[in-house]
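8 protein chains.
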Amino acid sequence: MDGFADLDFAKLDLTREERTGFPEVVFCSGKEDQFLCDIYDRLYKENGQVFGTRATKEQFDLIRAKFPDAVYDPVSRILKIPGEKSLELIGNIAVCTAGTADIKVAEEAAQTAEFFGSKVTRIYDIGVAGIHRLLSRTDDIRKANAVIAVAGMEGALPSVIGGLVKVPVIAVPTSVGYGASFEGLSALLTMINSCANGISVVNIDNGYGAGYIATQINRLAEGIK
Amino acid sequence: MDGFADLDFAKLDLTREERTGFPEVVFCSGKEDQFLCDIYDRLYKENGQVFGTRATKEQFDLIRAKFPDAVYDPVSRILKIPGEKSLELIGNIAVCTAGTADIKVAEEAAQTAEFFGSKVTRIYDIGVAGIHRLLSRTDDIRKANAVIAVAGMEGALPSVIGGLVKVPVIAVPTSVGYGASFEGLSALLTMINSCANGISVVNIDNGYGAGYIATQINRLAEGIK
Amino acid sequence: MDGFADLDFAKLDLTREERTGFPEVVFCSGKEDQFLCDIYDRLYKENGQVFGTRATKEQFDLIRAKFPDAVYDPVSRILKIPGEKSLELIGNIAVCTAGTADIKVAEEAAQTAEFFGSKVTRIYDIGVAGIHRLLSRTDDIRKANAVIAVAGMEGALPSVIGGLVKVPVIAVPTSVGYGASFEGLSALLTMINSCANGISVVNIDNGYGAGYIATQINRLAEGIK
Amino acid sequence: MDGFADLDFAKLDLTREERTGFPEVVFCSGKEDQFLCDIYDRLYKENGQVFGTRATKEQFDLIRAKFPDAVYDPVSRILKIPGEKSLELIGNIAVCTAGTADIKVAEEAAQTAEFFGSKVTRIYDIGVAGIHRLLSRTDDIRKANAVIAVAGMEGALPSVIGGLVKVPVIAVPTSVGYGASFEGLSALLTMINSCANGISVVNIDNGYGAGYIATQINRLAEGIK
Amino acid sequence: MDGFADLDFAKLDLTREERTGFPEVVFCSGKEDQFLCDIYDRLYKENGQVFGTRATKEQFDLIRAKFPDAVYDPVSRILKIPGEKSLELIGNIAVCTAGTADIKVAEEAAQTAEFFGSKVTRIYDIGVAGIHRLLSRTDDIRKANAVIAVAGMEGALPSVIGGLVKVPVIAVPTSVGYGASFEGLSALLTMINSCANGISVVNIDNGYGAGYIATQINRLAEGIK
Amino acid sequence: MDGFADLDFAKLDLTREERTGFPEVVFCSGKEDQFLCDIYDRLYKENGQVFGTRATKEQFDLIRAKFPDAVYDPVSRILKIPGEKSLELIGNIAVCTAGTADIKVAEEAAQTAEFFGSKVTRIYDIGVAGIHRLLSRTDDIRKANAVIAVAGMEGALPSVIGGLVKVPVIAVPTSVGYGASFEGLSALLTMINSCANGISVVNIDNGYGAGYIATQINRLAEGIK
Amino acid sequence: MDGFADLDFAKLDLTREERTGFPEVVFCSGKEDQFLCDIYDRLYKENGQVFGTRATKEQFDLIRAKFPDAVYDPVSRILKIPGEKSLELIGNIAVCTAGTADIKVAEEAAQTAEFFGSKVTRIYDIGVAGIHRLLSRTDDIRKANAVIAVAGMEGALPSVIGGLVKVPVIAVPTSVGYGASFEGLSALLTMINSCANGISVVNIDNGYGAGYIATQINRLAEGIK
Amino acid sequence: MDGFADLDFAKLDLTREERTGFPEVVFCSGKEDQFLCDIYDRLYKENGQVFGTRATKEQFDLIRAKFPDAVYDPVSRILKIPGEKSLELIGNIAVCTAGTADIKVAEEAAQTAEFFGSKVTRIYDIGVAGIHRLLSRTDDIRKANAVIAVAGMEGALPSVIGGLVKVPVIAVPTSVGYGASFEGLSALLTMINSCANGISVVNIDNGYGAGYIATQINRLAEGIK
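Protein chains in written order, with our numbering: chain A, 1 to 225; chain B, 1001 to 1225; chain C, 2001 to 2225; chain D, 3001 to 3225; chain E, 4001 to 4225; chain F, 5001 to 5225; chain G, 6001 to 6225; chain H, 7001 to 7225.
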């Protein structure tokens, strides 16, 4: 036993939770039907629950045929088979967006963090072009152990938040925009070049990654190592 | 006479002021010594004054040898031979910077605007990572007929200002930064993608261009067409 | 009351007109149906009219089902619910295009400017490869308080216009072209590097932004601050 | 008093420590001599110590002339005036590099973290092309509250570390490399696209930023908010 | 006879096998139906077998109508008309992938190598974020005469393998990923910048090319020149 | 009469033939149906023939409904209404392609040249990876007054031809390729950097432009100015 | 005898003139001293004259030490050893520049064309931002057999000229500019995307290449094949 | 003992030769003096010889002070301390260049291969713009077990060679060129997109890497595993 389950086409990483503190999650996008079913099947047997991101409605139908308890959220595109016992959520992560179009990425982040056991405060549509919206929520943002700032177009939100809080800000560029937004590249560059301190960046539209990191920080802040 | 002075190597545009409302200005960078002297000479004869940008200290020495009245500002790199009669400055242009390193570009903008007859209010080092600095100056910014917002690194300043004022914001990306700032490209993309309204953008470090446009707007606002 | 209406998913910016002189406008592209309806509904209640850009025919059908007065222009893709009292248009903005394929962006600019109260002169298909077409309209262009120059492919139109007028030229690159036009990036770079004075640039295909800025200038020129 | 000291050319952010938990730090690169002296002078008066990054040997000479206690490290390019009382370092941050050429960025990170009160474990030259070097240090890396992974060229180090630890990995791309490394851009892209979880990225060569974020996490892990 | 068959629209390279040791292969993507049929027809007559890559299911139907023996593999998208006599496979090529989504490119490589007479060992889903998976297969990889390492996203797999083996590693970036993976460009840059020795790179998704080169090396290692 | 026909949405350039020696040609791609019909109608009235590029089958059906003589070639996508009198073709232009997939661009070039009165020699599928194919046709290529070299992927064909002939080579990069071909950008860069003399380059897939330039040269060579 | 002189480090192409109609020219930039001397020496023996581009003043001193007749032009950076008999210049090539900073590239083009036997008309500083300068010279431009249009910054000059003449326009982008000119890339893209007909493009600052092509055309127009 | 020597700042990889068949080589560029000395010292003690690439003349002086036997080649920039016993060279690697400016990279490749025990045939200045030079050497190239093709500018050499030989071609793009060569990026893209088979690519100017891979293949071909 080498620490993974060999499904012929895939090697499920069964010691991941032990090594990293988190169970394996399924990136559904582009997976062929049979592969996806086998993976959900095997992970459900191992863990009693499965959490997948970037799922389509068609993939939901496929999984639901076998697992009637499967749940799908069309906004975040998360497809999960919930476990039996509910988790008590701890700490506090603030998930902020610049606009309404960024919400689908923010929900991937928020629901990922919740799946991993973090309490989440959602603060949406507070982009910098109407700075009073952000300022009116400063106190709420400051209560979090970690902040996720989601923004497309020029991606300036993390810089302003970074100057207001003591905790790390995970910046998530989104592909929201048009023209010279280059599918999120411009927002990514903005965030990487932030003159504010405490900002680090994940891939374009990578809500999952931000939810994961914020949970790592949230756990540390709540005394879990 | 075709409306320009043919210096063999160059065609000085003598009807420019009539057509555009502004006299010809010299872009000194990279001009060879003899060319530069000839151009200053000819323009001085035509207009009684000369205004040049991107000049070096060496070019200043060169011009001063012939025109003892020449003045050079090492921050803005403007090299001018002032005219005899002083101009009465009109209206109000706010020139703002995100950081102190942006001041050299801002001064090119401010002094250009002053040369063309505009009153200028300088508001420096009010970048978005310390948003209270910007907010404390909102009233001053709102008094202007046009705003010039100069920023390097992530270049987020124009977006925040754009949400606070009624007049156009001329955004000037600067080459200030390092790594993924790509000599100002990242700031340029940020500004082009601004979700705020009223933002238009000029080339990286193009303080002169911003001062010119702001003066066009300032003149219109003061009833000069 | 924090100056915005919290629709749960969105924060409508109700003090925007007071702060910036312009009411909130809806960017329809990619908005989900229910969100779009709620926003049109709320803005109509606040302002007695709604103006949206980048709308699809399907979105028009959706809004028209609730607001029979809604009007849709397939060229500019503007979807609006007109107000009761008609606005008297002031001043003069020249909207120019290089080719016929640029007209859809130009119309977004022109109709935006008209919605905000500006008189507009349309001068289409005067690209630089047939320079006599542009020169024959110079007098009309010179009458404007601001010029919007819309061009795809190599995007050279603003440079030529900039040398002919006294007022600011808002350059709008379009995604018209193929191959190395890179969906408008080449035109954007051309405009940013313009050797003409008085040129500032907005995002690719951003007719709305250009109409907004031109109106800001037009108002100032007509004595409105 | 608006929360900042107005040095005419700069606005020192005196409430930053209260807002963010960290004092202001000086980015020395490109600052003119007189500006730099004034800033060190003012910050020393306010805080009793000053910490600057990206300083040159010449800037050290300049500052030392006034503050004989100033200390300069040519590897990290940090120029500081130490405070009187020594800080007790807490927690544990692992700073890892792929190669020896990455050490100068790693030292900026490590010394920044130490200045802000974090204990640091240095683990250098463990790049993935000799994977046994990294594996032999896994236990040391796993003891940290946060990991900083510094790498140039292909920048693969953070991905491997991310699969081995429970805590966040701050990835720092460096400009080490040649040809298609594009001054660190390739390493940055590698890190942003990491298939490992828990990786977030800062700007190329931004050791300071990584040291700051790691300290934020380290503090939270040690019960300081 | 100039060494090629002139099909009017194409010149089939009939001396290729003599010059290069390999018969001509058909790149099916984008070929028009009649062209494709003519090429398969002619090559079958010349060689008694045909091997095509990047074929669609529709192209398979087209070819099968004429050649009932045609075989199509939807994963690798290889469409072939097998020859009569089966080839004895020689040597050993290891084909490795980072993830399961890279398998379709890996299969193009593996089946190409097999078509050209090489024995292949498939080792899939051993990406660096779970390094124990790769390490558990080191012995198998070390037995090969050449290694093909297929990876998308950050593309770090070849660097780790390169440090473990004595033979050349052909790195194949794939378009697997999203956001800043830029359709495989990021993985390509990672591989080109590899700090490991023995790594050379082919085009994104170019499994065929990797299978070809690995066979060249495998033949040389088995004493065939 | 300003030298153009004002169709409200378009200004047809009626003096173009006089100024440039060539009649106006219609770029059909993306033109709306009514616009296209009006343009064909007006140009037919002016010139007795119309020549359009980048037309779709649907546009052909549209035009044919009104002009039964209209002719459409699905390979080159040229849609024309032939004139009554046939043109005698002069001189000689060699149109070469690297592969078969480049033929559609080559045909746009060849048929454009023929429409403008040039005799054309087609030499297809002579890419540099099988150099004997090109060398066997050297004599035919050398007979031309101008050479058009069409190539995708690495685009090396023009460099080799440029070293063999005395006349200008118009290089046309095509979007043929995949992965790092970046839709023809790589081929364009290859051609722009050619170490051979006599190579100049047009836009990606711009067969029309190449046919136009080659005809200009062919006419000069045949004594027509 | 293989048609080239093997200098050990280089193979001088002695049959080039026969194949292409032009003698070999030396690209001096970056050549080591001894190599350069040997090449000038050998070519002088073969041809009785040598023509080199991109030479430095130091290289001139080196060559002059051996060949006292050597001539160097610091503007074009051409270093030549003239032949004994003077060439009668034929035809007419117009070399145009947008600005004065483009002259050094234009002179490389002009002097190359003259060396190859073409008569040249120089028309400098006629950029599009002062369109009357260009229009006043239209008749002169129209007299040429070929036009070379040299421009940096936004590079719009070729588009306007292309609409005015019957002969090919060779567009030469220059590295003149700053910021988003990206060392000439923006001008190159402008020219490649030109909506005017008859424009083809050479590499940035490649005056030599343009002079070569224009001479090819000029010869054909004058009846030389 | 973990298989490496820990020099505090570096971990020398002492088991590399066992794992990969090649001893550790020093990349001298940018290494600080003391580090470089320590590394040469330690490696000499371990292996009785040292081989370093990208060394400067200054580094040579430094090493020679301690190791009088040190040898430096200014063309390849290789700095080595030769071992006592001379190696018998085996097999055959052809190292080809397109131009003379590519020789410095080619020599890094050739001397690296020789250091690792391979016999090398140098074939320089056979670029594709004078294709007869390459064709005259085809037989020599065909004798090699592996070919290294070094080219800057448009980088077309590997494509032509790839069509002529049976063995792998290692393509090395160089930074030779100007303008749109983008320091070797264009040549790299050309090579990655090669339509010839058997081409794989290493980093720009990476002669060392090519020499290493070619030696791996050469050893396999000579029966060494």
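We put the beta carbon where it would ideally sit given N, CA and C, even for glycine. Here the structure is a predicted model, which means the values were calculated and not measured.
Within chain E, the residues that residue i reaches when beta carbons sit closer than 9 Å
i	result
Leu7164(H)	Arg4019 and Thr4020
With 16 other Cβ atoms within 10 Å as the buried cut-off, status of residue i
i	result
Pro4168(E)	buried
Ala2146(C)	buried
Asp4013(E)	buried
Ala2065(C)	exposed
Pro7074(H)	exposed
Ile5048(F)	For clarity, residue 5048(F) is Gly in the given sequence; the question names Ile instead. By the 10 Å Cβ count, Gly5048(F) comes out exposed.
Val1025(B)	buried
Lys5057(F)	exposed
Pro1158(B)	buried
Leu4033(E)	Reading the sequence as shown, one finds Asp at residue 4033(E) and not Leu. By the 10 Å Cβ count, Asp4033(E) comes out exposed.
Met6001(G)	Confidence in Met6001(G) is poor, its pLDDT being 36 and thus under 50, which makes the residue's placement unreliable; the coordinate value appears in the next sentence. So Met6001(G) ends up on the exposed side.
Lys7225(H)	exposed
Asp1205(B)	buried
Lys7011(H)	buried
Per-residue contacts from residue i into chain G (C-beta, under 9 Å)
i	result
Ile7126(H)	Lys6011
Cross-chain neighbours of residue i in chain G, by beta carbon under 7 Å
i	result
Val2160(C)	Val6128 and Ile6131
Where residue i meets chain D, residues with beta-carbon distance less than 7 Å
i	result
Gly209(A)	Asn3197
Where residue i meets chain H, residues with beta-carbon distance less than 9 Å
i	result
Gly5177(F)	Asn7193 and Cys7195
Contact set between residue i and chain C, taken where Cβ atoms lie within less than 7 Å
i	result
Ile1213(B)	Pro2168, Gly2198 and Ser2200
Partners in chain E for residue i, counting only beta-carbon separations shorter than 7 Å
i	result
Asn7145(H)	Leu4220
Ile7217(H)	Pro4168, Ile4217 and Leu4220
Amino acids of chain B, ordered along the chain, whose beta-carbon sits closer than 8 Å to that of residue i
i	result
Arg3016(D)	Gly1130
Ala6180(G)	Gly1184, Leu1185, Leu1188, Asn1203 and Ile1204
Partners in chain B for residue i, counting only beta-carbon separations shorter than 9 Å
i	result
Lys2225(C)	Asn1145, Lys1166, Val1167 and Ala1221
For the region 5017-5101 of chain F, list the alpha helix (DSSP H) runs that are entirely contained and at least 4 residues long, ordered along the chain. DSSP assignment within the region 5017-5101 of chain F yields the following whole alpha helix (DSSP H) runs of 4 residues or more, N-terminal first: 5033-5047 and 5057-5066.
Taking only beta carbons into account, state which residues of the region 2189-2207 of chain C come closer than 8 Å to chain G, listed in chain order. Contact annotation: in the region 2189-2207 of chain C, residues whose CB is within less than 8 Å of a CB in chain G are Leu2189, Thr2190, Met2191, Ile2192, Asn2193, Ser2194, Cys2195, Ala2196 and Asn2197.
Threshold first: 4 residues or longer. Then list the alpha helix (DSSP H) segments lying entirely within the region 3101-3188 of chain D, N to C. Listed in chain order, the complete alpha helix (DSSP H) runs (minimum 4 residues) inside the region 3101-3188 of chain D are 3103-3115, 3131-3135, 3138-3142 and 3157-3162.
At 3 residues or longer, what runs of the beta strand (DSSP E) sit wholly inside the region 6199-6225 of chain G? Entirely contained in the region 6199-6225 of chain G, the beta strand (DSSP E) runs reaching 3 residues are, in chain order, 6199-6201.
So if I threshold CB-CB distances at 7 Å, which residues from the region 7091-7125 of chain H count as touching chain G? Listed by position, the residues of the region 7091-7125 of chain H near chain G (Cβ gap below 7 Å) are Thr7100, Ala7101, Ile7103, Tyr7124 and Asp7125.
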